[in-house]
Amino acid sequence: MTESLGRLRGFVGHDEIDRTLLVVDSDEPTPLTRLLEDAFENQPVTVATATTDTVDGPRVVLVEGGETVAVSPLGDLMDAYLLVNSDSYRTATAGLDRHGAPDVLTALAGTRFRVRGYPVSNKEKLLLVVLSRYIEARALAADGGTLRSSFQRLSRIDDERGTRAVYERLGASAVDTHVYGVPDYDDMPDGLSVHGGTDPAYRRTWFVVFTPDDEQEPAALVAVEAGANEWNGYWTFDADLVADIEGVVAGL
């Protein structure tokens, strides 16, 4: 299992692409932009602002290597990320039925993020939570395929009411849903395949991997614990990479 941890850590690489989140024509107060800057302060993503004479409205543009790769209304980013906290995901099904991940966040695929949880940071770890829920929502919408999710401790599914509600819905769906973690809890939602273990690959990883049955795009998020309440995380929609990740976690 130590080998599996090393292989999962190997997926959380990084690239040299210059990425910028450009807040354009914002009519929101300056503190909102500062909130976005703070969220990405220690990440390989620059936050900048711009003003134009267009009528497209307040928006956020993801620029890579000088090219626009994604655009989202600023309000969508506010609703899904900037103006929410992780409690919205722990205690409710935020991100599943409303406020899904905006394109400017999903398009950050391939970027390695080093994130810290609360109380050190209110927003860094939330980024991975938003993308995890996005992948879970895609699996539910597909109503098929295979989803594999790690919780470090299986009791976390019950500790977080919103998470349990999500996995009750997945268990009742046609998605082949597998959950992984230290086996410290027995009352799991029906319909889940449970994998318990105490090796580092169970205790120190966080993954959500969806492999569809059909031609839909697969998705995977992988994060590996880098310290107390600190993670190196990454997500991808590349079919070959998702297949490689799925191959590792299926062997746990």
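Mapping of the sequence shown onto the working numbering: position 26 corresponds to residue 66, and the numbering continues sequentially without gaps. Don't be surprised by glycine CBs; every beta carbon is placed ideally from N, CA and C.
*Return the chain-ordered list of same chain residues with a C-beta closer than 7 Å to the C-beta of ARG178, the five sequence neighbours on each side being excluded.*
Correct list, in chain order: PHE250 and ALA259.
*asked:* Is it buried or exposed, ALA120, if we count other Cβ atoms within 10 angstroms and call 16 or more buried?
replied: Around the Cβ of ALA120, a 10 Å sphere holds 16 or more other Cβ atoms; the residue is buried.
*Spell out the partners DSSP gives GLY267 in its beta bridges.*
Looking at the DSSP assignment, GLY267 forms a beta bridge with GLU270.
_Contact the stretch 138 to 148 vs the stretch 101 to 118: 3+ CB pairs below 8 Å_ = These segments touch.
*State the DSSP-derived secondary structure class of LEU61, mapped to helix, strand or coil.*
Strand at LEU61.
_Complete alpha helix (DSSP H) runs within the stretch 206 to 267 (minimum length 4 residues, chain order)_ = Counting only runs of 4 or more residues that sit fully inside the stretch 206 to 267, the alpha helix (DSSP H) segments are 240 to 243, in chain order.
*asked:* On the criterion of 16 or more Cβ atoms from any shown chain inside 10 Å, does VAL155 qualify as buried, or is it exposed?
replied: It is buried - the Cβ of VAL155 has at least 16 other Cβ atoms within 10 Å.
*Expressed to the nearest angstrom, what Euclidean distance is found between the alpha-carbon atoms of ASN272 and VAL52?*
In a straight line, the C-alpha of ASN272 is about 7 Å away from that of VAL52.
*Mind checking GLU164: buried by the 16 CB within 10 Å criterion, or exposed?*
So GLU164 ends up on the buried side.
*asked:* Tell me the rounded alpha-carbon separation between GLU265 and GLY157.
replied: Here the alpha carbons of GLY157 and GLU265 stand approximately 11 Å from one another.
*Beta-carbon spacing of ASP65, THR86 below 8 Å*: No, the Cβ-Cβ distance between ASP65 and THR86 is not below 8 Å.
*When the distance is taken between beta carbons, is LEU210 closer than 8 Å to THR203?*
The answer is no: Cβ separation not under 8 Å.
*Taking LEU194 and VAL219 to be in contact with their CB atoms under 8 Å, please state how far apart those CB atoms are, rounded to whole angstroms.*
The Cβ separation is near 7 Å, so the contact holds.
*Burial state of GLU107, where buried means 16 or more other Cβ atoms lie within 10 Å*: Exposed: under 16 other Cβ atoms inside 10 Å.
_Rounded Cβ spacing between TRP275 and LEU171 (contact assumed at less than 8 Å)_ = Going by Cβ atoms, the distance from TRP275 to LEU171 rounds to 5 Å, so yes, they are a contact pair.
*Name the residue from GLU255, ARG243, SER190 and GLY237 whose alpha carbon lies nearest to the alpha carbon of ILE285.*
From the listed residues GLU255, ARG243, SER190 and GLY237, the smallest Cα separation to ILE285 is found for SER190.
*Alpha carbon to alpha carbon, what distance is there between GLY140 and VAL63?*
Using only the alpha carbons, I get a separation of about 19 Å.
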